[in-house]
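Taking full-length UniProt numbering, the leading residue of the sequence shown gets 1, the next gets one more, and so forth. Every residue, glycine too, gets a C-beta built ideally from N, C-alpha and C. For reference, the structure is listed below as structure tokens.
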Amino acid sequence: MYRLLRLFIGVVILLAFLPKQNTPNSDGVAVYQQFLIDNSRFRQQVEQLTVYVSTNAPDDSLRAAFRRSRLAYKQMEWLLDYYQPFLASHINGPPVVEVEGNEPGQVPILPSGLQVVETFLFPDYNPTRKAELTRELTVLLTYSTRLEQGIPEGKLGDADILTSIQQQLFRIIALGISGYDAPEAKTGLAEAAASLQAVQNAFRPYAAQLPPEIAVQLANRWREAIGVLERSKNFETFDRVSFIRQQLYPLCRALKQARQILNIPAGGRNHFLSSTVATLSDTGVFRPDYLINFGEFVSTPQKVALGRLLFFDPILSGNNARSCASCHQPERAFTDGRVRSRSFKGRKQVLRNAPTLINAGLQNAQFYDSRALYLEDQAHDVLSNAHEMRTSPHEVVAKLSSSATYRKMFAEAFPNGLTAPAVRNALAAYIRSLTGLNARPDRYLRGDSVALSAEEMLGFNLFLGKARCATCHFFPIFNGFVPPHYEKTESEIIGVPRSPKTRNARLDADIGKFGTYQKNLHRFAFKTPTVRNVALTAPYMHNGVYKTLEQVVDFYNRGGGRGIGIPLDGQTLPDAPLNLTSVEQKAVVAFLNALTDTTGLTQRPHELPLMDQQTKLNWRKPGGRY
């Protein structure tokens with residue numbers, strides 16, 4: 001009997017320490033019921049706004065009703081955007097017309113939702129557009145009747161609920177307080193407070209299961225974060241950097257600790273984000289190999305080491321005279337400092353300059369025109385391009401096969417040894433290893449004992465706020481990979497000029513993404529690059545038109561191409577001046593300079609494997625590739 005009792009106690013203890021599974025629970029039922037209530041409230045607010053429009057209510061009443069609609073949406077966004085990002089994008093997606101897929105053909109996707117409605121009401125309402133606004137509100141109401149679809153009634157589990165709360169915190173940081181959601185209404189701070197309150201309410205049943213001291217500590221974190229937002233009245237001067245460092249990140253860490261105490265496993269559907277991190281600035285928060293994380297193409301240390309040698313070895317070029325590093329020089333953050341990169345043999349220039357490869361794995365579109373999805377495809381494109389490496393898979397494999405060192409390394413790194421796909425994957429693995437997210441601003445946000453100058457702090461806050469940089473260069477990668485789902489890398493039409501004129505400028509002739517996909521909406525569109533390490537990557541823009549960061553900031557401050565006299569109807573960059581003072585522009589440049597981090601990435605190999613001498617001669621003789 002005693003032995004049976006000991007066994008029973010042991011099983012109970014074991015079960016207590018096993019992670020809870022993502023199984024339905026009464027808390028999930030309560031969450032779903034609250035979602036229905038919140039959705040009903042949201043629909044009522046939109047209906048009221050629709051009535052106000054139909055009855056020609058005063059403009060102030062229209063805008064107040066719109067703000068109430070946004071606040072109502074923010075109370076349910078955390079669950080909707082997690083389970084139904086498609087529907088969420090139709091309720092609160094950016095007001096930009098897009099086209100379906102990357103294949104040639106014109107299938108426009110018209111935007112809908114609150115951000116579209118905002119364009120009718122801010123900064124001023126034009127009554128002559130009443131019919132258009134009414135149509136948009138009708139579409140919004142139609143979507144609002146379907147929002148519960150896809151949210152698993154009675155099946156909401158602990159892991160997904162806590163992950164969706166974490167995702168919403170990340171969304172607030174990257175999009176909410178930056179002004180991405182409501183750029184004209186500038187309601188981001190109030191919306192962030194409402195959103196934090198909503199997810200705190202959802203977490204209360206879990207807080208009740210925590211040790212009292214932990215529950216009190218967590219409640220204090222919620223209260224402090226919400227209080228800072230509610231007390232902040234000026235959207236443009238809000239200290240976002242301090243808020244992230246002192247309120248949001250400590251809240252994120254406290255939630256991770258609570259999750260561990262409750263033995264609820266990390267879950268979720270976002271494979272780009274590591275499931276073990278607490279904040280967006282944690283080391284290892286992003287997984288550069290997420291796009292190719294299957295089969296023999298998973299990155300390994302052996303592949304990275306092999307790819308590093310290949311990257312610096314001119315054996316990959318058609319004339320054995322240039323390497324990947326010829327245009328992507330480590331000392332320049334893997335750019336070449338040229339307006340346009342040199343073509344094969346250096347006789348001409350290629351169409352564009354060489355973008356940085358640091359953090360190239362933290363996006364799902366490669367090249368300025370987004371013509372490649374995988375880094376493996378990018379490697380293939382460059383190797384076979386007549387103006388770049390001018391070779392072929394067969395030739396590369398043949399030359400590498402003449403080296404015993406390379407044959408051995410490929411055999412150790414790949415099940416099938418030396419093949420053309422293995423060459424591309426090894427190069428891609430090395431490029432994915434070039435991840436640098438440890439600049440001083442990153443360490444500062446993590447709470448490390450590093451300092452940012454007053455000017456850098458001002459610039460960081462301007463970047464995240466008034467200057468609107470972070471509405472395209474999303475925190476914390478600062479490129480166009482859209483958080484928090486990280487499924488799309490954005491392109492923008494900003495109106496890059498041919499020369500650095502600030503009046504009556506002429507548009508650069510490069511048609512950008514249109515040249516690849518033949519979609520009119522892509523004409524003059526270019527992928528939004530990272531601004532990390534920009535202190536090392538001059539000149540700027542795809543055509544190198546700007547030599548300094550001061551010129552770049554001035555271009556955006558004037559409203560992009562349209563602001564300097566280019567008649568560009570399709571410009572996606574807002575053309576209103578930012579009205580940054582000279583002091584503020586200087587501060588933005590100071591912050592951009594602080595984003596430099598190439599630590600451990602720039603060392604070149606001391607020596608390269610030798611190619612068989614006869615093979616080298618064969619490729620240089622008159623009948624060979626040279």
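For A194, same chain residues with a beta-carbon under 7 Å away, outside a window of 5 residues either side, are L71, K74, Q75 in chain order. Take C327, set aside five residues on each side of it, and the residues of its chain with a beta-carbon closer than 6 Å to its own are D336, S341, A354, in chain order. Here G480 carries a coil assignment [DSSP, helix/strand/coil]. In the DSSP assignment, I244 falls outside any alpha helix (DSSP H) and carries neither an H nor an E. Under DSSP, the beta-bridge partners assigned to F474 are N479. Looking at the backbone, the Cα of A365 and that of P250 are separated by about 33 Å. Taking the C-beta atoms as reference points, P500 is found nearer than 8 Å to Q551. Pairing Q44 with A65 gives a Cβ-Cβ distance that is not under 8 Å. Take L434, set aside five residues on each side of it, and the residues of its chain with a beta-carbon closer than 8 Å to its own are F334, L357, I358, N359, A360, G361, L601, in chain order. Where T516 is concerned, the enclosing alpha helix (DSSP H) starts and stops at 514-517.
The Cβ atoms of F475 and S178 lie closer than 8 Å to each other. The region 142-154 and the region 83-95 touch, with three or more beta-carbon pairs separated by less than 8 Å. The continuous alpha helix (DSSP H) containing S144 extends over residues 130-144. Under the three-state reduction of DSSP output, V552 falls in the helix class. Secondary structure at K74: helix, using DSSP grouped into helix, strand and coil.
Between V53 and T276, the alpha-carbon positions lie close to 48 Å from each other.
Here DSSP, grouped into helix, strand and coil, assigns R342 to strand.
Distance check between S242 and each of A538, L458, T548 places L458 closest, using alpha-carbon atoms only. Between V304 and Y430 the beta-carbon gap is near 5 Å, inside 8 Å, which marks them as a contact. Annotated as distal: L229 and L169, with beta-carbon spacing of 8 Å or more. Below 8 Å, enough C-beta pairs join the region 581-601 and the region 445-458 to call them touching: three or more.
By the neighbour-count definition (other C-beta atoms within 10 Å, threshold 16), Q363 is a buried residue.
Three or more Cβ pairs closer than 8 Å define a contact, and the region 497-516 falls short of that threshold against the region 393-400. CA-to-CA, the gap between F410 and L595 works out to about 36 Å.
For S112 against E148, the beta-carbon gap comes to about 18 Å, at or over 8 Å, which does not count as contact. Spanning the alpha carbons of S144 and I91 requires a straight line of approximately 8 Å. In the DSSP assignment, F122 falls outside any alpha helix (DSSP H) and carries neither an H nor an E. For G560, the uninterrupted alpha helix (DSSP H) segment begins and ends at 560-563.
By the CB criterion at 8 Å, R223 and A254 fall outside the cutoff. Of the residues assessed, E492 falls on the buried side of the cut-off, its CB having 16 or more other CB atoms within 10 angstroms. Look at T489 here: in three-state DSSP terms it is strand. Rounded to the nearest whole angstrom, the CA to CA distance from F555 to K233 is 29 Å. A residue is called buried once 16 or more other Cβ atoms fall within 10 Å of its Cβ, and Q33, having fewer, is exposed. Counting of Cβ neighbours within 10 angstroms places I37 among the exposed residues, the total staying below 16.
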